[in-house]
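Visitor: Attaching a single structure in structure tokens format; questions to follow.
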Amino acid sequence: HYNSEIGFTNCLIANKFITINEVQLIPPLPLIRGTNVNLKGIVHIHKKIDWMMAKFLITYNFRHELNITFVDENLNGCDLIADILKQNCPLLPGRYNLSATQEVLKLYWPGFYEGKFTIYNENGDQLFCEEMSLLMK
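Put into structure tokens, the structure is as follows:
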């Protein structure tokens, strides 16, 4: 696991709200600090979503002994989706193109990271969950 450059794992119990297919990271991994990475894919919304909250968690594995949290953020998911999908809430069932560009900040240390991205609705139902592991250079 530590030798792989990236891995994605769906951590959602049931994909009844959101699924993402054909995900691409450009440029390919490993991520290089100080560069931009583009995320592309196809998002399928299966049920109407009126509101959502997104939670990001990114940890760094220090010497395989200690996990250091770099990011632990709760964000308005509708604002995030407006940037990524170019759609505003409510999101109606359908297929949407995912396109996002993000700078890989230099503050991240080189090494192995684990992350989790989760989306919840106003009732606390989990709409989407993805865990990732990646190598940063």
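According to our numbering, the sequence shown holds residues 2 to 138 in order.
No residue lacks a Cβ here, since even glycine has one placed at the ideal position from N, Cα and C.
All of these numbers come straight from a predicted model, not from anything done at the bench.
Pull up the CB-CB distance for Pro-111 and Ile-50, whole angstroms please, since I reckon it's below 8 Å.
Guide: Sequence index remark: in the sequence shown, residue 111 carries index 110 (1-based). Sequence index remark: in the sequence shown, residue 50 carries index 49 (1-based). About 37 Å; that fails the 8 Å criterion.
Visitor: What's the call for Val-44, buried or exposed, on a 16-neighbour Cβ count within 10 Å?
Guide: Translated into positions along the sequence shown, residue 44 becomes position 43. Classification of Val-44: buried, given that the 10 Å Cβ count is 16 or more.
Visitor: Classify Gly-78: buried if its beta carbon has 16 or more other beta carbons within 10 angstroms, exposed otherwise.
Guide: For the purposes of this step, residue 78 is taken as the residue at position 77 of the sequence shown. Gly-78 comes out buried.
Visitor: Measuring straight from C-alpha to C-alpha, what distance separates Thr-102 and Thr-36?
Guide: As a working note, residue 102 is residue 101 in the sequence shown. As a working note, residue 36 is residue 35 in the sequence shown. Cα to Cα, the separation comes out at about 10 Å.
Visitor: For His-2, which residues from the same chain have a beta carbon less than 8 Å from its beta carbon, with the 5 sequence-adjacent residues on both sides left out?
Guide: Your numbering for residue 2 matches position 1 in the sequence shown. With a pLDDT of 35 at His-2, under the threshold of 50, the modelled position of this residue cannot be trusted; read the value that follows with caution. Excluding residues within five positions, the ones whose Cβ falls inside 8 Å are Gly-8 and Ser-134.
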